[in-house]
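Comments concern the structure below.
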Amino acid sequence: MNNLSTLPPGALSNLHFLQELMLQNNRLTQIPSEALQSLRNLQSLPAPSVSPGDGCGDKRQTPAASLQPPAPLLSDGLLSLQQMSTPERKRLDANHISTVPPGCFEGLSALRHLWLDDNLLTHVPVRALASLTSLQAVTFALNRISHIPDYSFANLSSLVVLHLHNNRISSLGEKCFDGLQSLETLDLNYNSLSEFPIAIRALTNLKELAFHSNNIQSIPEHAFIGNPSLLAIFFYNNPIKFVGKSAFQNLPELRTLTLNGATDLSEFPNLTGTHNLESLAVTGASIRSLPNSICEMLPNLHVLDLSYNQIHHLPSFSGCEKIQKIDMNHNEIQEVLADTFQDLSMLRSLDLAWNKLRSVDPLAFSYLPSLTKLDLTSNALSSLPELGLPGLTHLRLAGNDGLLQLLSPQKFPSLRVLEVPYAFQCCAFLFCEKQDSGDTKEMNSLRRKDTGIISNQEEPEFGEFFLELEENPKPVPSIQCSPAPGPFQPCDHLFGSWLIRSSVWAIVLLSVSCNALLLVTIFLSPTVKSSAKQLVGLLASANLLTGLCSGALAVADTLTFASFAKYGALWESGVGCKLVAFLSVFSTEAAVFLLTAVTVEQGLLLCHLKAAADARVPAKVKAKVRLVSGLCFLLAAAVACLPLLRVGEYGANSLCLPMPSGESSSAGFSVTVVLLNSLCYLAMTVTHVRLHCQQGKAKGRLAEDCLDCCWVKHVARLLFTDCLLFFPVAFLSFAGLLNFAFVSAEVVKSIVLVVVPLPACMNPLLYMLLNPHFKEDLSCLCSPKGNCLAGEAEVAEKSCDSTQSLVTETSEAPDSAWPSQQSLACAAEHCPLSHC
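Given below as structure tokens:
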């Protein structure tokens, strides 16, 4: 770069032996032809950076570019400067040449390499190239050429490399490559070709052909019949839908064949005569079956990739003795027979992921001594053959939900990367102690921990890095296994600690016994059953169900004590786990909705009593309350059904419940439930504030106030207690959504097991200890019926003394459980105003 603006005609006249002239990155607008006339030995001329216009001057200016000697074709269409074999070669680009006039290269008969890439050419300079009979390599890449006419390179019989990539070529003359008898490399990548270039049939010595990233939609029959010397063909990133069955026949030198996305290709291509093929990839097609003679056709095959097809059955590959990698993922294969991969002594990688495999013969992998990578992800396997897999370093089994089998570390001594359906299957590989060759202890003797010790990595090649870590003196796991065990998928104990275990059992015993007693006293006692009492009874039934669900988890922890890994997969995938989770969510939500109904009912009933003290309760009140309770249970069932509709997931962990720190759907479910419950608690709080305000203004006006006072105070206690216990659950859900790191998995587990079911224990205790109705119901239930009725009459008489001036008419209490307001006021169960 010298910022030259002119080149005098005689400036180079004495340099008779000059072989390479570099004038790039200057400010030359013209090169006089006289300046180059004496350079008879010039072999390489990089094109200078001239202004847009003709590359040559008024007579014979020569805007040529230096090319390297013939080199292998690279995928990006560029020739590397580092590959140049002689110091006379140099790469040059980014000029502004738009035309090359005829006769421009006269006198340069020794020129072998011409580089005109990254210019503004719109056509091939046919007449200008006619005099360059010694040219061996030329590039017109990165120009604006749209058509290659016939006989464009007719005189270039010595040309070996031709680059035409990154142009706008949409059509080729049928004889455009005639005369190129020596051409070995042709690059047509990144153009606009819509039809297969049949002109290549004239290139009998062609070895590398690339026309990827075009718009070619079909490859005709016998497409390469004139190119028997082809070594590699690259035509990916074309919307190819049809491929002639005989398109790749009789190519004995072909080593690599890659065909992607030929959706109309339903039969395996006929490769007769292409027996030296080493790498074959036909992906994204519609191939349904493979010929039984595939190994006879391709005895030298090393890599076979037939992923993303519709293959149902695999033939025997026993004749492919040199094959090293087979990729059959995303097909419809249902079984692997004993002879499918028989005697493939060099096979190192086998990928059968995302198929429909249901059965694998116990001897299917026993003939693969070199196998190191086996991928069976997302199939329908229920068992895995372990015979013949001691050399495996990578084993992927995730997505086989029916695979409950525990793997033995002794049968996989070389394993470094393991992906399994359930975290419990990793427990046997955690810090597995080195044992003698004859020692085969059971998994119970292995050291295991409930915390996540194994990192869950997604990079498929992380195993090689892990091998290097073994040389580190620090103690590290010898295997990368996922999903990793942790508090929600433990190896030894479901509950983990004795503190949690004892707390859960205490909650279970108290909630079941107290709620059962409460139900008996409310529904079997002969005392008056008001609407609030019946709703509290239904609340007790929901709390009882919550206690039973916690009891089911406690029983599971007891039955699998110190050996949960053996049964964890069966528990998570079983119906019992999902049923416990469904009933737990249902009962918890039903309790919140019923408490809301009690609160709202108290507010409405108190207002009704103030408005008309002597009015009867409507006969439809009982039906309305039944309707309200039915709606509460229906809404709770709808919330519990959300995970069945993929909003959250039951059975994703050993506690079976959707966790706020789990997948996005589980976190969304948790947040939705928390927001819904928050709305209910807000409505209850507002209703209770109004209730107390109204009761305070009207206190002393009517004796019926005492009827509601006991229930109002009881519901207030329930609201305060349940709302207080709801705060950590709400915080936990939002912390999981925001990925707060300070909330550990152990804390989440403790809250789920202890705090969430705690209201089921506290609600009945509050009723039994602080509500006078429980004592009255219990005494009536335990005493003879006559004494209970006499006691009620006495209480009613005392209660009615204070209301005789306000009551003008007395009527008997109807047989229905919903008496009149008058009888309710007189039969209030020991709830004098002093209790309020």
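1 is the number of the first residue of the sequence shown in UniProt numbering; add one for each residue after it.
Beta carbons are placed, not taken as given, at the ideal position from N, Cα and C, and that holds for glycine.
Coil, strand or helix - residue i by DSSP
i: Cys481; result: strand
i: Val747; result: helix
i: Asn237; result: coil
i: Gln310; result: coil
i: Asp557; result: helix
i: Arg626; result: helix
i: Leu121; result: coil
i: Trp354; result: coil
i: Leu162; result: strand
i: Asp722; result: helix
i: Asn515; result: helix
i: Phe242; result: strand
i: Ala154; result: coil
i: Asp305; result: strand
i: Lys578; result: helix
i: Gln181; result: coil
i: Glu88; result: In this prediction, Glu88 scores a pLDDT of 34, lower than 50, which makes its location untrustworthy; no coordinate-derived value is stated.
i: Pro218; result: Checking the sequence shown, residue 218 turns out to be Ser, not Pro. Three-state result, Ser218: strand.
i: His835; result: Residue confidence is low: His835 scores 43 on pLDDT, short of 50, so the model does not pin down where it sits. No coordinate-derived value is stated.
i: Asp492; result: coil
i: Leu395; result: strand
i: Ser359; result: strand
i: Gly10; result: coil
i: Val417; result: strand
C-beta atoms of residue i and residue j nearer than 9 Å
i: Glu491; j: Ala565; result: Checking the displayed sequence, the identity of residue 491 turns out to be Cys instead of Glu. Yes, Cβ-Cβ distance for Cys491 and Ala565 is below 9 Å.
i: Lys100; j: Leu121; result: Just to set this straight, residue 100 is Val in the shown sequence, not Lys. Yes.
i: Leu594; j: Leu539; result: yes
i: Arg737; j: Leu758; result: Rather than Arg, the amino acid found at residue 737 in this sequence is Leu. In this structure, Leu758 does not lie closer than 9 Å to Leu737 by Cβ.
i: Leu387; j: Leu418; result: no
i: Leu180; j: Phe153; result: yes
i: Arg348; j: Lys373; result: yes
i: Thr185; j: Ser157; result: no
i: Ser182; j: Leu209; result: no
i: Lys207; j: Ala232; result: yes
i: Ile326; j: Leu350; result: yes
i: Ala590; j: Val628; result: no
i: Ala364; j: His330; result: no
Exposed unless 16 or more other CB atoms sit within 10 angstroms - verdict on residue i
i: Pro8; result: exposed
i: Ile148; result: buried
i: Val686; result: exposed
i: Gly630; result: exposed
i: Phe727; result: exposed
i: Ile287; result: buried
i: Val592; result: buried
i: Ser383; result: exposed
i: Cys104; result: buried
i: Leu129; result: buried
i: Glu601; result: buried
i: Asp439; result: Caution applies to Asp439, whose pLDDT of 47 falls short of 50 and renders its modelled position unreliable; the value that the coordinates give is listed next. The residue is exposed, with fewer than 16 neighbouring Cβ atoms inside 10 Å.
i: Ile200; result: buried
i: Ala506; result: exposed
i: Phe720; result: exposed
i: Glu797; result: With a pLDDT of 42 at Glu797, under the threshold of 50, the modelled position of that residue is not reliable, and no figure is offered here.
i: Asn515; result: buried
i: Gly576; result: exposed
i: Ala11; result: exposed
i: His692; result: exposed
i: Val536; result: buried
According to DSSP, residues forming a beta bridge with residue i
i: Ser286; result: None, per the DSSP bridge assignment.
i: Ile148; result: Leu172
i: Trp505; result: DSSP lists no partner for Trp505.
i: residue 860; result: The structure shown has nothing for residue 860, since the chain only spans 1 to 836.
i: Ile333; result: Ile333 is not bridged to any residue.
i: Asn260; result: Thr283
i: Glu208; result: Thr185 and Ala232
i: Ser349; result: Lys325 and Lys373
i: Gly486; result: Gln489
Problem set entry | Inter-stretch contact (C-beta, 8 Å, three-pair minimum) for the stretch 396 to 405 and the stretch 550 to 559 | no
Exercise. Is the stretch 513 to 522 touching the stretch 569 to 589, taking contact as three or more C-beta pairs under 8 Å?
Worked result: no
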